[in-house]
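Accompanying notes for the structure given below.
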Amino acid sequence: MGNIRLKRFNSKKLLLIILVILGLVVTFYYFENLIFGRAPMKPSLSIIRVSSQKVPLYGLLELDLNVTGNFKNPFNPDEIEVSAIIETPKGETIEIPAFYYQEFKRELVEGRETLTPVGEPYWKIRFTPMEVGTYKLHVLLKTTDHTITSEELTFDVYESNRGGFVRVSEIDKRYFKVENGESLFFIGHNVCWFGNRGTFDYDEWFSAMNNSGENITRIWMAPWAFGIEWKKLGYYDLAEAWRLDYVIKKAEEKGIYIILCLMNHGQLQSSGLTGQWNDNPYNAKNGGPLSKPEDFWTDENTIRLFKKRLRYIVARWSYSTHVLAWELWNEVELTDNYDFDAVAKWHEEMAKYIREIDPYRHLITTSSDPRLGGLNGIDFVTVHKYGPQSFKDIAGVIPEIIENLWISHGKPVLITEFGADWRWFDNPYYYKDVEGVELHNGIWSSVLSGSASTSMLWWWDNYIHPYNLYGHFKALSNYLKGVNPEESRFVKIQAKVLIPSLLKREDLTEITIYPSLGWVKPAVNVFKIEVDGKVTNVSQLSSFIHGKAHPELKNNPTFIVSLPYGGEAVIHVNSVSRSGATLDVYVDDLLVESRVFKDIDGKNDAEAEEYNLDVKVAVPPGLHKLRFDNSGGDWLTFDYVKFTNAVAKQSKLRVIGLKNDTMSLIWVQNKDHTWWNVVNNMSIEPIEKVEVELSGFKDGNYVIEYWDTYSGVVMRTEEVVAVDEEIHLIIEDVKKDIALKIYRKTS
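According to the numbering used here, the stretch in the sequence shown is residues 342 to 1088, in order.
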């Protein structure tokens, strides 16, 4: 090998080479843009369509825009921000963000929806005017380097009969009204996502809902339907956004208001049946900023990204008067390592941000931790309630939920999900409830207890629609037609079922008490049963009787009951934990029954019907204290406790309702007509000739309409007289339930 000589490198030559290379790169990039038609360096803006120069009040003005530029992400307002600056007739200025849009054509191919893009993407602005007169508008485009302003447009807004946006009533804060002053009860159920038929499902569902008088629903922006940010963080799915466009417009056409839920709990769940964290684009494993789900609430980069998504949502869908509310989360308390303080702070920040960018002031809510309903940024409280545990007598639970939350929060209370069974597997109970008893009792007991809306059943595509249960909504809609809840200033009806002072053995019957709580420690554990069927503290009865494993939850129940002629106490055991349990029954502190329940199915399922067994204890005549305890290793669950010969037969009648000085709405139910008794083929005896005392009525003449709650028609009418501010009625032959309307005669 020869000698190698190293020459000293010239730094000036190196600098020259670098400059030449940079020049070639810039030149190549410039000509590449020209050759391939890429966006030029300087952005441009033009308005290519205005939907109309004359717009009805609360109608839609839509602008299509041609925007060009060298931005990489049209969804990132840090790169490019397009908005309309609108001057109202009163001289106020409103800023409406534009949004990136793609038109699609939908087709149904072999039972499955397909979407085909039509043309190229472009930008849109949607605006709903809230006052009559002449408006001025121009469009503003901003990038990091440029600001462009369009020519000024004018358009006129004329009067219309459209209702406007939904607000909480100032007259009665339990209810809602629309801006034209109309107030109505909401009637509806969930239709949160579509199946294979996509938006074609909503053509069918919304038509059926409209025909049955329904006017409210809930829709999720879920990862599998309507979710716009699941494939790539910061980039939005224009096909799913188009689907939501279609569904919202269809809802407007059918008079249905939407609670639009922006996030579902599964997105921050790392395991379980609904966990989706592994696929979440916010997950660091997928290139996102978060190493664990609970960081979502506090990570600054995540908060910035989510606010950008909120901006797009508001830009695209806030125009709609039929978006009743933004629901920030579904069942947020089920997310991993739930921290109420962090979640509450996040909700306050997001609600504040939405109010800054939403010119229409849509209502804001979340679900379903009731404590979040107390936040200043949350406009109404939502609750979710499911069985089969703790919800076998739906009409016995719902009124208390509504009343308690109204008292604690002073805001509208809506039960936006409920059902006899939370499960969609293992043959859930609702499949057996072919009559829709759970639905029927849920919707009547809610609106007649002071809620602005019916409770909203969850199972839509596998229960309500295939079982054709829409008639329940139609009947209630007929009954409520013409009633203005805001102006009615309703109060709770004062009703008393009259019980004879002397009761023979044949005048008595059993009382069945269903638990209302699940895996929580009850606040109280003593329950007193009255002869008229009232049970103190019944909302605190848990379906779990705990043993040694969970002392922090143990507060097992004691019942105080009078059995004048003696009788039986019956507890229906459902299931036990894997560690087993020992049921101990005490009568007046004397142990009378101790039964060991071993785990026989290998499950840790509180609802598995592992035993499905009655344990009976004889109780002598007199007043007694019965305690149900557990000296075993872990929990057992029970479906109900029953005491025979404990209450008057008249106590089987439930009366709830609302009244004012001129009108009363009353629902009368046979307490035994529950979904649980129906699906288990229990004998349900009709209630006959029960006297009911209604108080608080001004003396005078009244007309009573008796309504069939299944057909929605008046069965008969009668006239009665109020004396000493009381009306006395004889209620006859109630096998299921009926409704009454009472009007004061004016002449």
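Quick reminder that beta carbons are idealized off the backbone N, C-alpha and C, glycines included.
*Measure the C-alpha to C-alpha separation of Arg-645 and Leu-494 and round it to an integer number of angstroms.*
33 Å
*Going by Cα to Cα distance, which pick from Tyr-441, Glu-451, Lys-773 and Glu-776 is closest to Tyr-577?*
Checking every option, the nearest Cα to that of Tyr-577 belongs to Tyr-441.
*For Tyr-855, count neighbouring Cβ atoms within 10 angstroms of its own Cβ and tell me buried if that reaches 16, exposed if not.*
buried
*Among His-913, Ile-997 and Lys-1000, which one has its Cα closest to the Cα of Lys-957?*
Out of His-913, Ile-997 and Lys-1000, His-913 has the C-alpha closest to the C-alpha of Lys-957.
*asked:* Checking 7 Å against the spacing of the C-beta atoms, do Gln-835 and Gly-575 come in under that value?
replied: Taking 7 Å as the cut-off, the Cβ atoms of Gln-835 and Gly-575 do not count as close.
*asked:* For Ile-345 and Ile-421, I'd like the C-alpha separation in whole angstroms.
replied: Because Ile-345 carries a pLDDT of 34, less than 50, the predicted location of this residue cannot be relied on, and the following value inherits that uncertainty. Going by the C-alpha atoms only, they are around 57 Å apart.
*asked:* Bridge partners for Tyr-463 per DSSP, in chain order?
replied: For Tyr-463, which the question treats as bridged, DSSP gives the partners Tyr-442.
*Say whether the region 998-1008 touches the region 947-962, bearing in mind that this needs 3 or more beta-carbon pairs closer than 8 Å, one atom from each stretch.*
no
*Trp-658: which of Val-876, Cys-602 and Gly-760 sits nearest, CA to CA?*
Cys-602
*With contact counted as at least three CB pairs below 8 Å, one residue from each stretch, are the region 799-813 and the region 840-848 in contact?*
Because the criterion of three Cβ pairs below 8 Å is not met, the region 799-813 and the region 840-848 do not touch.
*Boundaries of the alpha helix (DSSP H) in which Met-550 is found, first to last residue*: 540-552
*Backbone secondary structure at Arg-696 - three-state DSSP*: helix
_Straight-line gap, Gln-610 to Asn-621 (C-alpha atoms, nearest Å)_ = Near 10 Å, if we compare the C-alpha coordinates of Asn-621 and Gln-610.
*For Ile-870 versus Val-876, is the C-beta spacing smaller than 7 Å?*
Cβ distance < 7 Å, so Ile-870 and Val-876 count as in contact.
*Taking only the alpha-carbon atoms, compute the straight-line gap between Gly-538 and Ile-743 and give it to the nearest angstrom.*
Per the sequence shown, residue 538 should be read as Arg rather than Gly. When rounded, the distance between both Cα atoms is 36 Å.
*On the three-pair Cβ rule with 8 Å, is the region 968-984 touching the region 1044-1053?*
no
_Buried versus exposed call for Gln-617 [16 or more other C-beta atoms within 10 Å across all chains shown]_ = buried
*Considering only C-alpha positions, which residue in the set Ser-385, Gly-460 and Lys-395 is nearest to Val-480?*
Out of Ser-385, Gly-460 and Lys-395, the CA that lies nearest to the CA of Val-480 is found in Ser-385.
*Determine the burial state of Asn-642: buried for a count of at least 16 other Cβ atoms within 10 Å of its Cβ, exposed for fewer.*
Taking all protein chains shown into account, Asn-642 has fewer than 16 neighbouring C-beta atoms within 10 Å of its C-beta and is therefore exposed.
*beta strand (DSSP E) segment containing Phe-496, residue limits*: 494-499
*Can you tell which of Tyr-772, Asp-1002 and Gly-777 has its C-alpha closest to the C-alpha of Tyr-1084?*
Asp-1002
_Are the CB atoms of Glu-581 and Phe-340 within a distance shorter than 7 Å?_
No answer is possible for residue 340: the residues shown for the chain start at 342 and end at 1088.
*Spatial neighbours of Lys-1077 within its chain, please: CB distance less than 7 Å, with the 5 preceding and 5 following residues excluded, ordered by chain position.*
Asn-1011 and His-1014
*asked:* Using only CA atoms, which one of Val-917, Asp-929, Lys-966 and Gly-974 lies nearest to Asp-946?
replied: Val-917
*With DSSP collapsed to three states, give me the class of Phe-900.*
strand
*Report the three-state DSSP secondary structure of Ala-1080 (helix, strand or coil).*
strand
*Val-684 to Gln-443, Cα distance in whole Å?*
34 Å
*So what does DSSP say about Glu-420, is it helix, strand or coil?*
coil
*Among Leu-849, Glu-893 and Ile-1072, which residue has its Cα nearest to the Cα of Gly-907?*
Considering only alpha carbons, the answer is Leu-849.
_Please report the straight-line C-alpha distance between Asp-405 and Leu-478, rounded to a whole angstrom._
14 Å
_Quick check: what's the CA-CA separation for Glu-436 versus Glu-594?_
27 Å
*Tell me whether Ile-376 sits in a helix, a strand or coil according to DSSP, three-state version.*
With a pLDDT of 43 at Ile-376, under the threshold of 50, the modelled position of this residue cannot be trusted; read the value that follows with caution. The answer is helix: DSSP assigns Ile-376 an H, G or I state.
_Close beta carbons around Asn-819, own chain, < 6 Å, minus the five adjacent residues each side_ = Gly-1053
*Cβ-based neighbour list, Asp-677, same chain, cut-off 8 Å, excluding 5 preceding and 5 following*: Leu-609, Gln-610, Ser-611, Trp-618, Lys-633, Pro-634 and Glu-635
*Assuming Gly-718 and Ile-735 make a contact with CB atoms under 8 Å, what is their CB distance in whole Å?*
Contact flag wrong, Cβ pair sits at about 31 Å.
*Taking only the alpha-carbon atoms, compute the straight-line gap between Gly-400 and Phe-468 and give it to the nearest angstrom.*
Their backbone Cα atoms lie some 8 Å apart in a straight line.
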